[in-house]
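A short write-up of the structure that comes next.
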Amino acid sequence: MIGVKAINGKKIKRILIQNNTYLILLLLVIVSSILTSDFLSPMNIRNIFLQQAGSFCMAIGMLFVILTGGIDLAVGSYMAFGVAMVGVLFVKQQFGLGISIGVTLGSGFIMGLITGILVGYSNMQGFIASLAMMSVARGLSYVLTNGVPIPIPINTVDNLVAKSTGYPVFYIVGALIIIFMFIQHYTTYGRLVIACGSNRNAVELAGIRVRRYIASVYAISGLLSVFAGIIGGARVSTAAPSLGVGLELNSIAACAIGGASLAGGVGSVLKTIAGVLVLALIGNVMNLMAVPPYPQDIIKGVIIVLAVLLQLVTSKTERSV
13 MIGVKAINGK
23 KIKRILIQNN
33 TYLILLLLVI
43 VSSILTSDFL
53 SPMNIRNIFL
63 QQAGSFCMAI
73 GMLFVILTGG
83 IDLAVGSYMA
93 FGVAMVGVLF
103 VKQQFGLGIS
113 IGVTLGSGFI
123 MGLITGILVG
133 YSNMQGFIAS
143 LAMMSVARGL
153 SYVLTNGVPI
163 PIPINTVDNL
173 VAKSTGYPVF
183 YIVGALIIIF
193 MFIQHYTTYG
203 RLVIACGSNR
213 NAVELAGIRV
223 RRYIASVYAI
233 SGLLSVFAGI
243 IGGARVSTAA
253 PSLGVGLELN
263 SIAACAIGGA
273 SLAGGVGSVL
283 KTIAGVLVLA
293 LIGNVMNLMA
303 VPPYPQDIIK
313 GVIIVLAVLL
323 QLVTSKTERS
333 V
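Residues 13 to 333, numbered by our numbering, are exactly what the sequence shown covers, in order.
As structure tokens, this is what we get:
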């Protein structure tokens, strides 16, 4: 009987450890709802998801890069490039909206692929390659717009996030989350991406072309980040070259809070989404409580450190359970 209780206790402990990201999120929801009555209002919840729609996309792309043991510092600059490209093609060059978005998404994919080729085929460190592309993408966004934000006509790109159209962005981003969850857990590609990060030498010895997989995840990151930029531009109806500054760090933090290992091989799409929401709730509740911006950064940094430390402690505990 004692043995059965011990086994059940270990199972419960393992379940709690494996779902610690969701527990952190749940705790934040409870605390936030206690601190301010406005937190659980339908309008606030909707605004949180609207504000984080682009961040969800960026974080998924970042996760796939991290799963291979890499890092992509260019995602914030890709956002700026994406919205700048749409602004120039659609507003200034008078291309159709569909063509403008299609060309922009393709450009993001190619820019990410260039970074991936540098990392996968020339053995350049992901930090260096993406740092260079971050500078290139940000520079291109300023060149395209001449450093001046481009107003985007209403009832065009903004329809992605408009109430009148039923918030299509929710369905698109929701579909992307499901698709990438499926890719990660139920496809050979997803399993090999994880394998590339956990034991690259073994994968290469098995005859798998690891370089292709590494190049592909950076291309995916570029594509999703450019789309995140389009979403960001849709929310403000403006193509601003300053969009996305510093958001690459938020994406990395979301992945870490979601339990992804920066060494590669460990991570989950759904937990990364939870990590994005953890960061979003921290900022949201402090805004509702009228906390000044600068103290917000300090509090946010402390909470990120605590959340990641909890992940590290519980991951060690999981191995011993």
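Ideal Cβ placement from N, Cα and C applies to all residues, glycine included.
What is the residue span of the alpha helix (DSSP H) that residue i lies within?
i: R221; result: It is not in any alpha helix (DSSP H) - R221 carries neither H nor E in the DSSP assignment.
i: S176; result: Neither: S176 is in no alpha helix (DSSP H) and is coded neither H nor E.
i: N56; result: P54 to L79
i: G138; result: G138 to T157
i: S45; result: N32 to L47
i: A268; result: L259 to I269
i: V169; result: No alpha helix (DSSP H) holds V169; DSSP gives it neither H nor E.
According to DSSP, simplified to helix, strand and coil, what is residue i?
i: P304; result: coil
i: A251; result: strand
i: P163; result: strand
i: Q106; result: coil
i: A214; result: helix
i: G256; result: coil
i: G295; result: helix
i: G277; result: coil
i: S134; result: coil
i: D385; result: Here the chain comprises residues numbered 13 to 333, so residue 385 is not present and cannot be evaluated.
i: A272; result: coil
i: T199; result: coil
i: F192; result: helix
i: F121; result: helix
i: D309; result: helix
i: F51; result: coil
I need the straight-line Cα distance from residue i to residue j, nearest angstrom please.
i: I243; j: L236; result: 11 Å
i: A268; j: S249; result: 32 Å
i: K283; j: T200; result: 21 Å
i: A231; j: G118; result: 10 Å
i: L217; j: S280; result: 26 Å
i: L38; j: I27; result: 15 Å
i: G313; j: G271; result: 17 Å
i: S53; j: L130; result: 47 Å
i: F239; j: S210; result: 29 Å
i: I60; j: G219; result: 45 Å
i: I24; j: P307; result: 38 Å
i: Q105; j: G132; result: 36 Å
i: L318; j: I78; result: 21 Å
i: N31; j: L109; result: 42 Å
i: F107; j: L152; result: 19 Å
i: V290; j: C69; result: 15 Å
i: V347; j: P165; result: With the chain running from 13 to 333 in the structure shown, residue 347 is simply not present.
i: V325; j: V278; result: 15 Å
i: S263; j: L75; result: 8 Å
i: D84; j: S147; result: 12 Å
i: Y198; j: V229; result: 17 Å
i: M145; j: F139; result: 10 Å
i: S46; j: N56; result: Checking the displayed sequence, the identity of residue 46 turns out to be Ile instead of Ser. Roughly 15 Å separates the two Cα atoms.
i: L62; j: T177; result: 14 Å
i: I29; j: L322; result: 10 Å
i: R212; j: A265; result: 24 Å
i: V320; j: I36; result: 11 Å
Starting from the C-beta of residue i, find all residues in its chain whose C-beta is less than 6 Å away, skip the five residues before and the five after it, and write them out in chain order.
i: G234; result: Y90, G120, F121, M123 and G124
i: V100; result: L156
i: Q196; result: G202 and V281
i: G256; result: G88, M91 and A92
i: Y225; result: L204, V205 and C208
Below 7 Å between beta carbons: does that hold for residue i and residue j?
i: G81; j: G276; result: yes
i: A65; j: V185; result: yes
i: S142; j: A86; result: yes
i: G88; j: E260; result: yes
i: V169; j: A292; result: no
i: P253; j: Y154; result: yes
i: S67; j: V222; result: no
i: M136; j: T116; result: no
i: A187; j: Y34; result: no
i: V297; j: S44; result: yes
i: R150; j: A227; result: no
i: G241; j: G114; result: no
i: L172; j: V160; result: no
i: A251; j: I126; result: no
Residues in the same chain with beta-carbon distance under 7 Å from residue i, minus the five sequence neighbours each way, listed in chain order, please.
i: L300; result: T48, D50 and F51
i: F207; result: Sequence check: residue 207 is Ala here, not Phe. Within the same chain, A207 has close Cβ partners V215.
i: I315; result: I294
i: K175; result: none
With a threshold of 6 Å (Cβ to nearest heavy atom), would residue i be considered close to the ligand ADP?
i: D309; result: As far as ligands go, the structure on display features none, and thus does not contain the ligand ADP.
Enumerate in chain order the residues of its own chain whose CB-to-CB distance from residue i is below 8 Å, with the five nearest sequence positions on each side excluded.
i: M193; result: V281 and L282
i: K258; result: What sits at residue 258 in the sequence shown is Gly, not Lys. Here the set comprises G88.
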